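Written below as structure tokens is the structure these notes are about.
In our numbering, the protein residues as written are 556 to 778.
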């Protein structure tokens with residue numbers, strides 16, 4: 556089965572307190588986004604990588620690739636105004652059959668085991684959603700009231716959310732909705748059952764300045 560990695564990188568540096576898009580910021584001496592692409596190439600260099608970027612960032616990315624001598628093969632397509640539109644733009648570039656990993660560009664620490672878990676489940680069941688148990692105590696808030704929630708009933712969601720292309724391309728033909736918070740919710744709205752697999756705790760989404768410090772420590776581990 557042909558495999559694709561759709562890397563979605565539409566972030567800004569606002570919450571980082573930087574004018575530079577967060578995916579271009581350095582992690583241990585190299586732009587975060589490059590480390591993300593490397594994870595899929597190192598896992599399986601036959602995976603075809605498609606990078607989705609805001610149109611205004613494409614030239615800057617190409618310049619970074621030249622500056623860092625970054626030679627991992629990948630195609631680039633322009634994103635849309637929302638993540639839904641960006642993913643749809645990327646999917647439109649892919650064939651109707653095969654397997655696609657849809658992954659956040661600022662998750663550079665996804666493990667081989669997580670990618671493998673997703674690949675195997677999606678190949679067998681049609682989709683795979685990497686998750687981790689909730690370790691913090693949860694409270695549900697409603698107005699001025701709150702109540703304890705049983706954390707064992709919840710999971711935090713990661714990427715790559717992985718799908719057979721015939722399924723996810725059909726799902727993205729639906730009208731965009733505010734209820735779509737990720738690719739799994741788009742697929743689920745079409746009536747598909749979502750299958751969970753184990754993610755990895757290092758697979759954090761780099762959003763805030765402290766996340767880079769944490770990622771630099773985690774990068775030293777063998778993931």
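Positions of the beta carbon are idealized from the N, C-alpha and C atoms, including for glycine. Every value quoted in this text rests on a predicted model; they were computed, and no experiment measured them.
Item: Backbone CA spacing between residue 564 and residue 646 [nearest angstrom]; Value: 14 Å
Item: Those runs of the alpha helix (DSSP H) which lie wholly inside the segment 573 to 610 and span at least 4 residues; Value: 587 to 598
Item: Assigned secondary structure, residue 682 (DSSP; H/G/I helix, E/B strand, else coil); Value: strand
Item: Cβ pair residue 610, residue 561 closer than 8 Å; Value: no
Item: Residues near residue 726 in its chain [Cβ-Cβ closer than 6 Å; skip 5 each side]; Value: 741, 742 and 745
Item: Rounded distance between the beta-carbons of residue 714 and residue 659, thought under 8 Å; Value: 5 Å
Item: Residues near residue 688 in its chain [Cβ-Cβ closer than 7 Å; skip 5 each side]; Value: 710
Item: Range covered by the beta strand (DSSP E) that runs through residue 768; Value: Residue 768 -> not in any beta strand (DSSP E); alpha helix (DSSP H) instead, spanning 764 to 773.
Item: Stretch pair the segment 688 to 698 + the segment 648 to 656: three plus CB contacts closer than 8 Å; Value: no
Item: Distance CB(residue 556)-CB(residue 654) smaller than 8 Å; Value: yes
Item: Selection from 639, 585, 581 and 760 that minimises the alpha carbon distance to residue 607; Value: 639
Item: From 749, 601, 587 and 635, residue whose alpha carbon lies closest to that of residue 625; Value: 587
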